[in-house]
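For reference, the structure discussed in these notes is given below.
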Amino acid sequence: MSTPSDHLDRILERLTREWLNGSVHYDFWRRLNSLAKDEPDLVAVAPEFFESTSYAHIDAAVVRLNRLFDTSKGAVSVYELIKYAHKHPEAFREGSPAEVSDAVREAEKAISESKDLLDRFRRQRNGYFAHIAGEYFHTGRSVTDEHPVRYSDVIEVLNLVGRVVNIFLAPHEDSELLPEVIGVDYAFEGLRDCLRRGVDSDDDS
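The structure is reproduced here in structure tokens:
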């Protein structure tokens, strides 16, 4: 039979997975842009491919982050985690009700301090990813012009998610979310090495 702790496990596992996926997309975007700057001869092999792939990764990171802060009814999100912690402090294995209450207040404060940033993310999702916003259609501008999300904002929201999840992991499992994504270095280095061998082989022929 499922317990409140089991349900909390599932919420934390899903949010952590989304955070990791968003982090991977962001890190690939960052590394592709560094590759274009440091080794432009590799990117010149297929410039359209690398440009479109780079945009796809940063867009995917923004979409993942919007999922984590989805306000839709029934959505598994950071808000759902906070609400569940407020209603079920007994679900936390390592913390007292007072400690869980402190965690709820700390998480709410962290999110409140980032309200403007999260609003920009939400507007971009609604007017760019979910549909073409009609209010901008005849102006020649877009939701990304009116409510820009900077690349630095993406890492800021990723850090916010990690902070909030860590706040609740402490009284639940006495642990923290890993701050680094495992496996991205190996995957990207393999891609770069393969491209380098191909480019060098063409130069030698």
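Quick note on the numbering used here: the sequence shown kicks off at 66 and runs consecutively. Note that the Cβ used here is the ideal one computed from N, Cα and C, for glycine as well.
Identify which residue in the options has its Cα closest to the Cα of residue i.
i           : options               : result
residue 145 : 221, 173 and 110      : 173
residue 89  : 122, 73 and 75        : 122
residue 238 : 102, 157 and 132      : 157
residue 170 : 184, 161, 126 and 232 : 232
residue 93  : 152, 134 and 116      : 116
residue 131 : 113, 182 and 71       : 182
residue 189 : 234, 124 and 81       : 124
residue 227 : 85, 74 and 162        : 85
Quick check on DSSP: helix, strand or coil for residue i?
i           : result
residue 215 : coil
residue 138 : coil
residue 158 : coil
On the DSSP letters alone, give me the boundaries of the alpha helix (DSSP H) that residue i sits inside.
i           : result
residue 239 : Note, residue 239: premise wrong, no alpha helix (DSSP H); not H, not E.
residue 143 : 143-152
residue 110 : That residue, residue 110, is in no alpha helix (DSSP H); it is neither H nor E in DSSP.
residue 186 : 180-189
residue 87  : 69-103
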